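Rendered as structure tokens:
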């Protein structure tokens, strides 16, 4: 019981030892400085948000102009007359010659059109992969000195695949030109 009284007396002595007035954390001048600093940072945030909004609007306008760009113009008829036409291969041309003509036309196209659809791209990629497989089989057959019938069948299959690829890419170029 006396321990409670002694403890209270010790706490009372400690309390009396404290200074009469606690020091203030900061004066009014510091309060004003901090308030001005908050106001400046909120103004700079508003300026940054305004700048970001302007950038978004400009990027949107650029995207729209790129998307809805005027259609590509066809060359002048006089310019078309100056370009020598390549004659169509005769029906009696060998499949190798036809495949060579089709491959030269494919080589003149860009490797990938600017805008593609997933289905079209998958068809083109699949055909290119199958052509590469037939090329590998042709190389292996030539190295193994396969029969001429086997080589002819592989060359015919390759020409058929290249023809299909030409048709798909031609349809792609027509679709892109109509946009």
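In our numbering, the protein residues as written are 4 to 182. Think of the CB as a built atom: it goes at the ideal place given N, C-alpha and C, for glycine as much as any other residue. No experiment lies behind these values; they were computed from the predicted model shown.
- Measuring C-alpha to C-alpha distances from residue 161 to each of 148, 16, 6 and 106 identifies 106 as the nearest.
- One alpha carbon belongs to residue 47, the other to residue 178, and they sit about 49 Å apart.
- Annotation for residue 181: no alpha helix (DSSP H) segment contains it, and DSSP assigns it neither H nor E.
- Bounds of the alpha helix (DSSP H) holding residue 34 are 31 to 70.
- Straight-line measurement puts the Cα of residue 36 at about 11 Å from the Cα of residue 43.
- In the three-state reduction of the DSSP assignment, residue 148 falls in the coil class.
- If you ignore the 5 residues before and after residue 144, its C-beta comes within less than 7 Å of the C-beta of 153, 154 and 157, all in its own chain and listed in chain order.
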